[in-house]
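Visitor:
Residue numbers (the working numbering): 12 to 530.
(1) Distance, Cα to Cα, residue 527 vs residue 423?
(2) From the DSSP output, in three-state form, read off residue 223 for me.
(3) Measure the Cβ-Cβ separation of residue 43 and residue 138 and say whether it is below 9 Å.
(4) Do three or more CB pairs link the stretch 47-61 to the stretch 342-360 at distances below 8 Å?
(5) Jot down the residue ranges of each uninterrupted alpha helix (DSSP H) in the stretch 94-139, minimum 4 residues, whole runs only, in chain order.
(6) Just checking residue 150 against the ligand MN - is the residue's beta carbon closer than 8 Å to any of the ligand's heavy atoms?
(7) Look at the Cβ atom of residue 148, then the Cβ atom of residue 204, and state whether they are nearer than 9 Å.
(8) Just the C-alpha distance for residue 191 and residue 209, rounded to the nearest angstrom, thanks.
(9) Could you tell me if residue 460 is buried or exposed, where buried requires 16 or more neighbouring beta carbons within 10 angstroms of its beta carbon?
(10) Could you tell me the alpha carbon to alpha carbon distance between residue 288 and residue 511, rounded to whole angstroms?
(11) In whole angstroms, give me the CA-to-CA distance for residue 417 and residue 266.
(12) Determine the direct distance from the alpha carbon of residue 481 to that of residue 493, and round the result to whole angstroms.
(13) Is it true that the stretch 465-472 meets the stretch 320-338, where meeting means three or more beta-carbon pairs spaced less than 8 Å apart?
(14) What span of residues does the alpha helix (DSSP H) with residue 150 cover, start to end?
(15) Measure the Cβ-Cβ separation of residue 391 and residue 411 and say whether it is below 9 Å.
(16) How long is the line joining the alpha carbons of residue 488 and residue 476, rounded to whole angstroms?
(17) Keeping to the same chain, check which residues put their C-beta closer than 6 Å to that of residue 179; ignore five residues upstream and five downstream.
(18) Taking residue 340 as the reference, give the member of 315, 153, 70 and 375 with the closest Cα.
(19) If you compare alpha carbons, which of 454, 458 and 385 is closest to residue 437?
(20) What residue range does the alpha helix (DSSP H) around residue 49 cover?
Shown next, in the form of C-alpha cells:
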C-alpha cells in the first residue's frame, strides 16, 4: 500500500499535469481563434466535433467508464492472479471494444450528412458541407477512444500516472501545429486532421508502456470464457448510458445555435472553454474532498451529520464560486478581448462571445451545487436518481432553449443551460430532502444572502476599477488591476461576515500546500 506521502506526491503530479493539459487546451483555442475567429468555419468544426469529440472524451478520457472499469478490475486481478491472465483479459476487452467502435465509426462515416443535418439543421449549406467533411475526418476518434481509455486504465493500475494526465496535450499541440503551418493552404479542415493526429499519437505513446508491463498492446484476442469480461462490461454500460444522456443537451444547444447568426456555435465553444477552466479547478478543490465525508455518514443513523456536512459544503461552494461568477459577469468583455481578440477574432466576435460568456458565468454556482448533491446520492449508493433527473433535464433544456433564444439570441442558449442546472439542483434538493428527512435550509439563508451581497459588491467594484484603469493603461493591465480589486474586496467582505466555513475552505487549501511542501 502506498504511503500517505507517496499518495500526496501522486496527487500533486496528476494535478500539475492536468493543469498543464488545460493550459494546452486554451493555447489550442487561441490558435483556432486567431486563424478563423468567430465564423462559419469554426461553427462547422463545433458541429462536426460534437459527437466524435464527446465519445473520445467520454470513453478515452481519465475517469471515463473504460478507464475506471479497467482500473478497478485489473487492480484486483493483478493481486490475485497472474499477469498473463490479466493480459488475456485486456486483449479480449480491447478486441471486443475495437470491433464495436470500429463498426460505429464506419456507420457514422456513411451517415455523416444526416448526422450533421440533425445537429445543424438551419446552418448554411456551405457550413454543413464543411462540417460533414470534418466529421468524416474525425470519426476514427470513436475507434481510438476505446483503445486509449483502456490503455489509461492499464497504466494507472501499474502506477503510471504522468502520461495519462499529460496525454490531452497531444491533441492540443497537434491542432495548434496544424493550424499554424497548414491553415492557409488547406483551410479549416486542418483542425479536424490535427485532432485525429493527436489521438493517434496518444495511443502510440501508450503501447510501449503496456508492452513493457506485459499487459496487452497490439495482439487481437477473444476469450469470452474469462469471468472478468462480464465484470468489466457490467461496470462500463451504466456509466456510458448516464454520461450519454447528459450530452444530449449539447446537441440541443447546437441545433438552436444553427438557427441564429453565423458564429453562434463558435461563441458557445469559446465561452464554454472560459467557464470550464475555473469550474474544473473548483470542482476538484471543493467537491473531491467532500465525497469521502459524505460516504462516512451515509447510514440512516448518521443522516444528521450528513445534513450538516452538506450544509457546510453548500456554503463552502458559495464562498468560492459566487464572487468568481460575479467578476466573470462584470468583466466578460475585457476577459474575452484580452484572451482571444487577435488575428481573425475581431471586435464583433468579442462582443458576441462576451454576451454568451457572461450569461454562462451566472450559473456556475448551480452547476457545482448540483454536482454536490449528485455526490451525496452516490454516497448513498443511489445512481438512478441522478440519471432520472438528467433525463428530465433533456426536456427542460429543449424547452428553455426554445423559449429563451427569441428574446436573448445566442445568450439565451447559455441562459437555458443556467436555468436547466438551477432546476436540476432544485429537483435533486427536493428529492434529497425527502431521503434524508429534511435539509438545513433555514441555517443556509443568512450566509447565502450575505455571500450574494458580497459577490454583487465585488463584481460591481471590479467592473468600476477596470473602467478607471483602462483609461490610462492597456486592457490586460487594467484587467489585472480589476482582478486585484476583486480579491481585496472579497477578502474584506468575508472577514466581516465571519463565517466558519471560510476557515474551512482556506484551511483545506493551506493544509494541502503544507503537505505538498513536506512530501
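Built from N, CA and C at the ideal position, the CB exists for glycine as well.
Guide: So, from the data block:
(1) Residue placement at residue 527 cannot be trusted, given a pLDDT of 40 that sits under 50; the coordinates are not used to answer.
(2) helix
(3) no
(4) yes
(5) 94-121 and 123-130
(6) Among the ligands in the structure shown, none appear at all, so the ligand MN cannot be discussed.
(7) yes
(8) 15 Å
(9) exposed
(10) 28 Å
(11) 14 Å
(12) 10 Å
(13) yes
(14) Residue 150 -> no alpha helix (DSSP H), and no H or E assigned at all.
(15) no
(16) 12 Å
(17) 32
(18) 375
(19) 385
(20) That residue, residue 49, is in no alpha helix (DSSP H); it is neither H nor E in DSSP.
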